[in-house]
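Sequence lines, in order, name chains A and B.
Using this note's numbering, you'd call the opening residue of the first sequence number 1 and step up by one each time.
Using this note's numbering, you'd call the opening residue of the second sequence number 1 and step up by one each time.
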Amino acid sequence: MPQLDFANPLVLSQVLWMLVIFGALYVLVTKVALPPVAQVLADREAAIAADLEAARKLKEEADAALAEQERAAARARAEAQAAIREATEAAKAEAAKAQAALNARLSAELAAAEQRIAEAKAKALSAIRSIAAEAAAEATAKLTGLAPDPAAVVAAVDSALAARQEG
Amino acid sequence: MAAEGKTIDALSQFALSEVAAGFANSNLYMLIAGVAISSLMVLGMRRRERVPGRLQSLAEVSYQFVHNMVDEQVGHEGRRFFPFVFTLFMFVLFGNMLGMLPYAFTFTSHIAVTFTLALVVFILVTAVAIALHGAKFFGYFLPEGAPLWLAPIIIPIEVISYLSRVVSLSVRLFANMVAGHVMLKVFATFVVLLGSLGGIGLIGAAAPLALNIALVGFEFLVAFLQAYVFAILTCIYLHDAVHLH
């Protein structure tokens, strides 16, 4: 086995050369190779952390804006509902007023009409009285041949009319 | 070639040869590994992009892989050992991986090489432990709460197990790399020997060829795993040195 042939001077010299090569590699790796990697990794980590921080901040801003927008929407909705309620109430009041006015007018007209009817009725009644008295006087004159006392006829008609109206 | 003489010579691949005065072929591959590691890190990090390209990703992944390993095994105090563990891991990993190239020399298949690396780790770990804990370090060999009359038995056992770290660390890597390469070469020789028979031999050669293909994949796994094991055991020893149990 060549590895165990320690009589070969190359076995020793390869070890000595290895120490030289390994030592040089160690120095090279420590001084030249590793620092940039550490730098790049640190930079990247910092950049990612900064990006995450910025994203977090933006999200916070967006959340705040969303909340503000929702608040504004709620406020607008409340305002709109208040306006609708107000308008409805105003319209109702208006309608009630109009209704009252109409009622008043109608009742006034009704009263006037009733009064006219009563007047007409009275007029008609008084006309009936004279016609009835005349008719009664004529009927009496025809039946009895006597001219009745007009005042008595009128009194009789009046009492008869009063009796009918009561009956 | 191993098959030329119709015999199986699986060990010739480990033979050292001189490239220049005292500079062996294994040293050449150490140099290649060193240059490859430096190139990966330096070229990969040339642009220092925030979104890394392929080579930069590879450099960063190797950095983070070893960094996490040191962080998890040694803890926060292990930070200053990170460059050492990184160099060690990459050196062994590239040595193992370069060994998978055809005609390449696998320097981690030499016990002298792995033993020296293990010795470097051992000396570092012991030096760190003594520097941090002074004489208290020697209490390491007599665990707290152990009855004093057992000391004559426990102390030698602890000392031997402490010293055997060097052996186990170096032999594990060396044996794994040698065994894999020997198997690869033996089955490759079978393929050549059976193939030269013609006819039935060609059919027979298919089996070792298939086996070799599977072995190559397996060997890549072993190459990575052994580098990982070497580095993580170094981290565990460093943890022991920093925290003393």
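Where is the CB? At the ideal position from N, CA and C, for every residue including glycine.
All values reported here derive from a predicted model rather than from experimental measurement.
In this structure, how does DSSP classify residue 1 of chain B when only helix, strand and coil are distinguished?
Residue placement at residue 1 of chain B is poorly supported in this model, since its pLDDT is 41, which falls under 50; the coordinates are not used for a value here.
Tell me which same chain residues have a C-beta within less than 7 Å of the C-beta of residue 236 of chain B, skipping the five on either side of it?
Within the same chain, residue 236 of chain B has close Cβ partners 73.
Which chain A residues are close to residue 53 of chain B, counting only those with a beta carbon under 9 Å from its beta carbon?
Per Cβ cutoff of 9 Å: no residues; residue 53 of chain B is ~12 Å from chain A at best.
Would the beta-carbon of residue 223 of chain B fall within 8 Å of that of residue 85 of chain B?
Cβ distance not < 8 Å, so residue 223 of chain B and residue 85 of chain B don't count as in contact.
List, in chain order, every chain B residue whose beta-carbon is nearer than 7 Å to that of residue 69 of chain A.
Under the 7 Å cutoff, chain B gives no residues; its nearest Cβ is about 36 Å from residue 69 of chain A.
Return the bridge partner residues of residue 18 of chain B from the DSSP annotation.
Looking at the DSSP assignment, residue 18 of chain B forms a beta bridge with B:24.
In chain order, what residues of the stretch 45–56 of chain A put their CB closer than 8 Å to some CB of chain B?
Answer in chain order: 47.
Apart from the five residues on each side of it in sequence, which residues of its chain come closer than 7 Å, Cβ to Cβ, to residue 196 of chain B?
Around residue 196 of chain B: no qualifying Cβ.
Assuming residue 34 of chain A contacts residue 63 of chain B under a Cβ cut-off of 8 Å, what Cβ separation, rounded to an integer in Å, is found between them?
The pair is a contact, with the Cβ atoms about 7 Å apart (cut-off 8 Å).
For residue 138 of chain B, is the classification buried or exposed, using 16 other Cβ atoms within 10 angstroms of its Cβ as the cut-off for buried?
By the 10 Å Cβ count, residue 138 of chain B comes out exposed.
Please classify residue 69 of chain B as buried or exposed, where buried requires at least 16 other C-beta atoms within 10 Å of its C-beta.
Classification for residue 69 of chain B: buried.
Is the stretch 170–181 of chain B touching the stretch 106–113 of chain B in the sense that three or more CB pairs, one from each, lie closer than 8 Å?
The stretch 106–113 of chain B, when compared against the stretch 170–181 of chain B, does touch it at the 8 Å Cβ threshold.
Establish whether the CB of residue 116 of chain B and some CB of chain A are separated by less than 8 Å.
Yes - at least one Cβ of chain A is within 8 Å of the one on residue 116 of chain B.
Please classify residue 145 of chain B as buried or exposed, where buried requires at least 16 other C-beta atoms within 10 Å of its C-beta.
With fewer than 16 Cβ atoms within 10 Å of its Cβ, residue 145 of chain B is classed as exposed.
What's the call for residue 126 of chain A, buried or exposed, on a 16-neighbour Cβ count within 10 Å?
With fewer than 16 Cβ atoms within 10 Å of its Cβ, residue 126 of chain A is classed as exposed.
Enumerate in chain order the residues of its own chain whose CB-to-CB distance from residue 141 of chain A is below 6 Å, with the five nearest sequence positions on each side excluded.
These residues qualify, in order along the chain: 147.
Below 7 Å on C-beta distance, what does residue 33 of chain A contact in chain B?
Neighbours of residue 33 of chain A on chain B, chain order: 38, 41, 42.
Tell me, to the nearest whole angstrom, how far the beta carbon of residue 56 of chain B is from that of residue 47 of chain B; I am working on the premise that it is less than 8 Å.
Yes, they are in contact, since the Cβ atoms of residue 56 of chain B and residue 47 of chain B sit about 7 Å apart, within 8 Å.
So the alpha helix (DSSP H) residue 12 of chain B belongs to, where does it begin and stop?
From DSSP, residue 12 of chain B is part of no alpha helix (DSSP H); its letter is neither H nor E.
Whose C-alpha, out of B:157, B:163, B:142, B:102, is nearest the C-alpha of residue 125 of chain B?
Checked all of B:157, B:163, B:142, B:102; the closest Cα to residue 125 of chain B is B:163.
At 9 Å on the CB atoms, spell out the chain A contacts of residue 76 of chain B, in chain order.
Result: empty, since nearest Cβ-Cβ is about 15 Å, beyond 9 Å.
Run through DSSP, which three-state label would residue 236 of chain B get?
Helix at residue 236 of chain B.
Counting only beta-carbon atoms, is residue 3 of chain A nearer than 8 Å to chain B?
By this cut-off, residue 3 of chain A is an interface position.
Once DSSP output is grouped into helix, strand and coil, what is the label at residue 67 of chain A?
In the structure shown, residue 67 of chain A sits in a helix (DSSP, three-state: H, G or I).
List, in order along the chain, the chain B residues whose C-beta lies closer than 9 Å to that of residue 41 of chain A?
The answer, in chain order, is 60, 63, 64, 67.
Could you tell me whether the stretch 73–82 of chain A touches the stretch 85–103 of chain B, where touching means 3 or more Cβ pairs closer than 8 Å?
Contact fails: fewer than three Cβ-Cβ distances are below 8 Å.
Starting from residue 21 of chain A, find everything on chain B with Cβ-Cβ shorter than 9 Å and list it in chain order.
Chain B residues near residue 21 of chain A: 27, 30, 31, 33, 34, 91.
Establish whether the CB of residue 105 of chain B and some CB of chain A are separated by less than 8 Å.
Answer no: the Cβ-Cβ gap between residue 105 of chain B and chain A never drops below 8 Å.
Determine, using beta carbons only, whether residue 7 of chain A comes closer than 8 Å to chain B.
Chain B, which has no Cβ nearer than 8 Å to the Cβ of residue 7 of chain A, makes this no.
For residue 24 of chain A, return the contacting residues in chain B, with the cut-off set at a CB-CB distance below 8 Å.
Neighbours of residue 24 of chain A on chain B, chain order: 34.
Among B:201, B:17, B:71, B:140, which one has its Cα closest to the Cα of residue 104 of chain B?
Among B:201, B:17, B:71, B:140, the Cα nearest to that of residue 104 of chain B belongs to B:17.
At a CB-CB cut-off below 7 Å, which residues of chain A make contact with residue 218 of chain B?
In chain order: nothing, as chain A lies at least about 22 Å away.
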